[in-house]
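Student: Just dropping this structure here.
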Amino acid sequence: MEIDEQLAQIHRSYFEFHCGDDNDDLHTTALLFRLLRQQGYNISCGNTEIFNKFKDKEGNFSKSLIADVQGLLSLFEACHLGFHGDDILNDALAFTITHLESIDKGIVSRNLGKQVSHALNQPIHKGLPRLEARHYIQLYQEEPSHNEVLLSLSKLDFNLLQEQHQKELGNITRWWKDLDGKRKFPFARDRLVELFFWMSGVYFEPEYEATRKILTKVMAIVQVFDDMYDVYATLEELVVFTEAIERWDVDAKDGLPEYMRVCYQTLLDLYDEFGYELTRKGQSYHLFYAKELMKNHLRTYFAEAKWFHQNHIPTMEQYMPIASTSTGCELLLGTSLLGMGDIVTKKDFDWLVFSDPKMVKASEVVARLMGDIAGHKMEQKRGHSASSVECFMKQYGVTEEEAKDNLRKQVVDAWKDMNEEVRRPTTVPKLLLMRILNLARVYHVVYNDEKDNYSHAGTKFKENVTTLLVDPLPM
Numbered sequence: 079m080e081i082d083e084q085l086a087q088i089h090r091s092y093f094e095f096h097c098g099d100d101n102d103d104l105h106t107t108a109l110l111f112r113l114l115r116q117q118g119y120n121i122s123c124g125n126t127e128i129f130n131k132f133k134d135k136e137g138n139f140s141k142s143l144i145a146d147v148q149g150l151l152s153l154f155e156a157c158h159l160g161f162h163g164d165d166i167l168n169d170a171l172a173f174t175i176t177h178l179e180s181i182d183k184g185i186v187s188r189n190l191g192k193q194v195s196h197a198l199n200q201p202i203h204k205g206l207p208r209l210e211a212r213h214y215i216q217l218y219q220e221e222p223s224h225n226e227v228l229l230s231l232s233k234l235d236f237n238l239l240q241e242q243h244q245k246e247l248g249n250i251t252r253w254w255k256d257l258d259g260k261r262k263f264p265f266a267r268d269r270l271v272e273l274f275f276w277m278s279g280v281y282f283e284p285e286y287e288a289t290r291k292i293l294t295k296v297m298a299i300v301q302v303f304d305d306m307y308d309v310y311a312t313l314e315e316l317v318v319f320t321e322a323i324e325r326w327d328v329d330a331k332d333g334l335p336e337y338m339r340v341c342y343q344t345l346l347d348l349y350d351e352f353g354y355e356l357t358r359k360g361q362s363y364h365l366f367y368a369k370e371l372m373k374n375h376l377r378t379y380f381a382e383a384k385w386f387h388q389n390h391i392p393t394m395e396q397y398m399p400i401a402s403t404s405t406g407c408e409l410l411l412g413t414s415l416l417g418m419g420d421i422v423t424k425k426d427f428d429w430l431v432f433s434d435p436k437m438v439k440a441s442e443v444v445a446r447l448m449g450d451i452a453g454h455k456m457e458q459k460r461g462h463s464a465s466s467v468e469c470f471m472k473q474y475g476v477t478e479e480e481a482k483d484n485l486r487k488q489v490v491d492a493w494k495d496m497n498e499e500v501r502r503p504t505t506v507p508k509l510l511l512m513r514i515l516n517l518a519r520v521y522h523v524v525y526n527d528e529k530d531n532y533s534h535a536g537t538k539f540k541e542n543v544t545t546l547l548v549d550p551l552p553m
């Protein structure tokens with residue numbers, strides 16, 4: 079709260095009353111802009127006009143800025159908080175990338191050089207908060223002027239939370255082992271650690287232990303369904319299974335193949351477990367929303383399975399509503415509310431499930447299009463319905479790279495949508511909006527460099543898991 083109050087005071091005094099300070103350098107101006115936009119403040123003075131003072135008479139960014147590496151880096155990070163119509167930030171992004179990529183590492187400090195290299199690959203705004211915190215702690219330690227007390231406290235905070243996450247992961251691993259998941263679902267990927275990493279990226283705070291547990295369990299079962307719909311079951315079997323999901327009744331499993339009965343019963347048992355806890359807390363109505371979200375999610379899996387079995391390549395207008403939902407964003411976010419207690423209300427559930435919120439749709443666009451760009455070739459080899467890349471190529475008669483360029487632009491626009499949606503005042507608690515933003519951040523990290531680091535958990539993904547969940551910071 080104290081930090082929020084200080085930022086509110088800075089916003090009032092610096093921007094509302096004075097429209098910025100012409101004496102501030104690029105680093106200070108860009109840092110203030112980023113921090114305030116990050117907290118949802120709608121900066122006045124024409125929003126981005128504060129950067130006009132760094133332009134020359136021709137309207138280009140001044141060449142004198144090229145030598146200010148710290149300022150360029152701060153401006154680069156600020157650009158990722160842009161809204162639609164922030165043309166000056168679009169120009170600034172191109173300007174900063176050009177000059178940050180070409181800096182002579184020999185003329186900047188080793189620490190600053192590391193910051194630049196990291197930022198160009200992973201901007202702060204699109205990174206996971208705990209991963210970015212750890213990265214900064216290590217850089218801060220190398221600063222000669224660092225505060226030892228602050229450094230020790232930050233390390234302790236990171237390590238204590240990591241220890242809590244390790245215990246939670248141990249408990250969830252025992253649940254999966256007791257469930258005998260590997261034997262029951264031999265056709266499915268066994269990626270429990272990666273799933274927990276994913277969920278802890280969305281809800282990392284210590285108070286959300288119940289949410290992480292619920293989400294990881296649900297998404298472990300959803301991954302089984304994903305592999306079943308994608309590569310294992312016949313279309314005829316999927317018709318019967320999807321109908322059983324719509325009924326959500328233990329008797330509906332009687333007409334299913336044996337392996338599907340096991341999947342179906344596991345789902346029902348898990349939601350009965352949730353229902354018991356919710357009823358005990360007087361929140362039984364939450365379960366209705368969770369079931370509806372699961373039903374809708376599996377409808378999209380079935381639609382995609384039909385496209386594949388019928389060898390159908392849909393138009394983008396047909397593809398995106400189905401494929402966006404099948405990312406699991408809506409399912410994950412709605413299910414996560416089960417573990418948040420009295421913080422969320424029926425109004426919040428209705429907003430998320432029934433109002434088709436722009437914030438959720440934007441996160442789905444990031445998830446779907448980044449995932450498609452990164453993994454479409456491997457998915458086609460694996461036996462999967464057409465991705466947005468193939469759909470766009472066929473519909474518009476363009477090359478693969480032209481299709482990807484268009485999809486990349488849609489991802490950029492989706493981030494701007496999310497930036498605008500967290501602007502104050504918000505229609506729902508900012509706490510909920512930040513979960514949606516964090517989910518988009520997870521997808522950005524997983525599909526960064528246009529590689530599917532989840533399906534093919536290589537060195538980078540393992541490094542992130544180790545950094546977040548295994549190796550503590552040395553005190």
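In the working numbering, the protein residues as written are 79 to 553.
No residue lacks a Cβ here, since even glycine has one placed at the ideal position from N, Cα and C.
On a CA-only basis, which of 213, 317 and 153 is nearest residue 377? Give me that one, please.
Tutor: In the sequence shown, the residue the question calls residue 377 occupies position 299. Closest by alpha carbon: 317.
Student: Among residues of its own chain, excluding the 5 on either side of residue 463, which ones have a beta-carbon nearer than 6 angstroms to its beta-carbon?
Tutor: Taking the first residue of the sequence shown as 1, we reach residue 463 at position 385. Excluding sequence neighbours, residue 463 sits near 382, 385 and 386.
Student: Spatial neighbours of residue 237 within its chain, please: CB distance less than 8 angstroms, with the 5 preceding and 5 following residues excluded, ordered by chain position.
Tutor: One-based indexing of the sequence shown puts residue 237 at position 159. Same-chain partners within the cutoff: 550, 551 and 553.
Student: Given residue 521, which residues of its chain have a CB within under 6 angstroms of its CB, disregarding the five upstream and five downstream residues?
Tutor: Along the sequence shown, read from residue 1 onward, the residue named residue 521 stands at position 443. Closer than 6 angstroms at Cβ, skipping near neighbours: 444, 445 and 448.
Student: Just the C-alpha distance for residue 529 and residue 90, rounded to the nearest angstrom, thanks.
Tutor: Walking along the sequence shown from the start, residue 529 turns up at place 451. Walking along the sequence shown from the start, residue 90 turns up at place 12. Taking the straight line joining both Cα atoms gives about 43 angstroms.
Student: Helix, strand or coil: which one does DSSP assign to residue 439?
Tutor: Walking along the sequence shown from the start, residue 439 turns up at place 361. If DSSP states are grouped into helix, strand and coil, residue 439 belongs with the helices.
Student: Beta-carbon separation of residue 306 and residue 338 under 9 angstroms?
Tutor: In the sequence shown, counting from the first residue as 1, residue 306 sits at position 228. In the sequence shown, counting from the first residue as 1, residue 338 sits at position 260. Yes, the pair counts as a contact, with Cβ atoms nearer than the cut-off.
Student: Among residues of its own chain, excluding the 5 on either side of residue 400, which ones have a beta-carbon nearer than 6 angstroms to its beta-carbon?
Tutor: Here the question's residue 400 lines up with position 322 in the sequence shown. Once the five neighbours on either side are set aside, the close Cβ partners of residue 400 are 378 and 381.
Student: Determine, using beta carbons only, whether residue 608 and residue 523 come nearer to each other than 9 angstroms.
Tutor: Any property of residue 608 remains undetermined from this structure, which presents the chain solely from 79 to 553.
Student: Quick check: what's the CA-CA separation for residue 540 versus residue 101?
Tutor: Here residue 540 refers to the residue found at position 462 of the sequence shown. Here residue 101 refers to the residue found at position 23 of the sequence shown. For residue 540 and residue 101, the distance between alpha carbons rounds to 45 angstroms.
Student: Classify residue 132 as helix, strand or coil using the three-state DSSP reduction.
Tutor: Here residue 132 is taken as the residue at index 54 of the sequence shown, counted from 1. Of the three classes helix, strand and coil, the one that applies to residue 132 here is helix, per DSSP.
Student: Of the choices 296, 243 and 298, whose alpha-carbon is the least far from that of residue 283?
Tutor: Here residue 283 refers to the residue found at position 205 when the sequence shown is read from its first residue. Comparing Cα-Cα distances from residue 283 to each of 296, 243 and 298, the minimum goes to 243.
Student: Under a three-way DSSP split, which group does residue 326 fall into?
Tutor: The residue labelled residue 326 in the question sits at position 248 within the sequence shown. Three-state result, residue 326: coil.
Student: Does the Cβ-Cβ distance between residue 162 and residue 487 come in under 9 angstroms?
Tutor: As a working note, residue 162 is residue 84 in the sequence shown. As a working note, residue 487 is residue 409 in the sequence shown. No, the Cβ-Cβ distance between residue 162 and residue 487 is not below 9 angstroms.
Student: Just curious, the alpha helix (DSSP H) that residue 384 is in, first and last residue?
Tutor: Sequence index remark: in the sequence shown, residue 384 carries index 306 (1-based). First-last of the alpha helix (DSSP H) with residue 384: 363-387.
Student: What number of angstroms, rounded off, separates the C-alpha of residue 500 from the C-alpha of residue 414?
Tutor: On the sequence shown, position 422 is the one that residue 500 refers to. On the sequence shown, position 336 is the one that residue 414 refers to. Their backbone Cα atoms lie some 19 angstroms apart in a straight line.
Student: Would DSSP call residue 139 helix, strand or coil?
Tutor: The residue you call residue 139 lines up with position 61 of the sequence shown. Three-state result, residue 139: strand.
Student: Assign residue 456 to buried or exposed, taking buried as 16 or more other Cβ atoms, counted over all protein chains shown, within 10 Å of its Cβ.
Tutor: Sequence index remark: in the sequence shown, residue 456 carries index 378 (1-based). Looking at its Cβ environment, which holds fewer than 16 other Cβ atoms inside 10 Å, residue 456 is exposed.
Student: Checking 9 angstroms against the spacing of the C-beta atoms, do residue 111 and residue 159 come in under that value?
Tutor: Here residue 111 refers to the residue found at position 33 when the sequence shown is read from its first residue. Here residue 159 refers to the residue found at position 81 when the sequence shown is read from its first residue. At the C-beta level, residue 111 and residue 159 come within 9 angstroms of one another.
Student: Given a threshold of 16 other Cβ atoms within 10 Å of its Cβ, counted over all protein chains shown, does residue 331 qualify as buried or as exposed?
Tutor: Position 253 of the sequence shown, counting from 1, holds the residue named residue 331. Its Cβ being crowded by 16 or more others within 10 Å, residue 331 is buried.
Student: What separation, rounded to the nearest whole angstrom, lies between the Cα atoms of residue 374 and residue 176?
Tutor: Within the sequence shown, residue 374 is the residue found at index 296, counting from 1. Within the sequence shown, residue 176 is the residue found at index 98, counting from 1. Approximately 44 angstroms between the Cα atoms of the pair.
Student: Closer than 8 angstroms is the cut-off here; do at least three beta carbon pairs connect the stretch 258-267 with the stretch 207-216?
Tutor: no
Student: Compute the Euclidean distance between the alpha carbons of residue 527 and residue 199, then round it to the nearest angstrom.
Tutor: Within the sequence shown, residue 527 is the residue found at index 449, counting from 1. Within the sequence shown, residue 199 is the residue found at index 121, counting from 1. If you take the alpha carbons of residue 527 and residue 199, they lie about 8 angstroms apart.
Student: Three-state secondary structure (DSSP) at residue 462?
Tutor: For this step, residue 462 is matched to residue 384 along the sequence shown. Residue 462 falls in the coil class under three-state DSSP.
Student: Provide the residue span of the alpha helix (DSSP H) that contains residue 398, from first to last.
Tutor: In the sequence shown, residue 398 corresponds to position 320, counting from 1. Its alpha helix (DSSP H) spans residues 394-403.
Student: Nearest to residue 512 by CA position, among 280, 365, 412 and 452, is which residue?
Tutor: On the sequence shown, position 434 is the one that residue 512 refers to. Nearest of 280, 365, 412 and 452 to residue 512, Cα basis: 280.
Student: Report the CB separation of residue 468 from residue 454 in whole angstroms; it is logged as a contact under 8 angstroms.
Tutor: For this step, residue 468 is matched to residue 390 along the sequence shown. For this step, residue 454 is matched to residue 376 along the sequence shown. Right, their Cβ atoms sit about 7 angstroms apart.
Student: Please confirm whether residue 416 and residue 356 have their CB atoms less than 9 angstroms apart.
Tutor: In the sequence shown, residue 416 corresponds to position 338, counting from 1. In the sequence shown, residue 356 corresponds to position 278, counting from 1. Cβ distance < 9 angstroms, so residue 416 and residue 356 count as in contact.
Student: Once the 5 residues before and after residue 470 are set aside, which same chain residues still bring their CB inside 8 angstroms of it?
Tutor: Along the sequence shown, read from residue 1 onward, the residue named residue 470 stands at position 392. These residues qualify, in order along the chain: 394, 476, 481, 484 and 485.
Student: Which residue from 436, 422, 223 and 287 puts its Cα closest to that of residue 249?
Tutor: Counting from one through the sequence shown, the residue named residue 249 turns up at place 171. Answer by Cα proximity: 287.
Student: Considering residue 278, what are the terminal residues of the alpha helix (DSSP H) in which it resides?
Tutor: For the purposes of this step, residue 278 is taken as the residue at position 200 of the sequence shown. From DSSP, the alpha helix (DSSP H) with residue 278 extends over 270-280.
Student: If you reduce the DSSP assignment to three classes, tell me which class residue 333 lands in.
Tutor: Along the sequence shown, one-based indexing puts residue 333 at 255. Note: residue 333 maps to helix in three-state DSSP.
Student: Would you kindly work out how many angstroms separate the C-alpha atoms of residue 121 and residue 92, rounded to a whole number?
Tutor: To locate residue 121, count along the sequence shown from 1; it is residue 43. To locate residue 92, count along the sequence shown from 1; it is residue 14. Approximately 10 angstroms between the Cα atoms of the pair.
Student: Tell me whether residue 257 counts as near the ligand MG, meaning its Cβ is closer than 8 angstroms to at least one heavy atom of that ligand.
Tutor: Among the components modelled here there is no ligand, and therefore nothing to report on the ligand MG.
Student: Here's a check: name, in chain order, each residue in its chain whose Cβ is nearer than 7 angstroms to the Cβ of residue 104, leaving out the five neighbours to either side.
Tutor: Here residue 104 refers to the residue found at position 26 when the sequence shown is read from its first residue. Correct list, in chain order: 132, 143, 146, 149, 152 and 153.
Student: By the three-class DSSP mapping on this structure, what secondary structure does residue 542 have?
Tutor: Along the sequence shown, one-based indexing puts residue 542 at 464. Note: residue 542 maps to helix in three-state DSSP.
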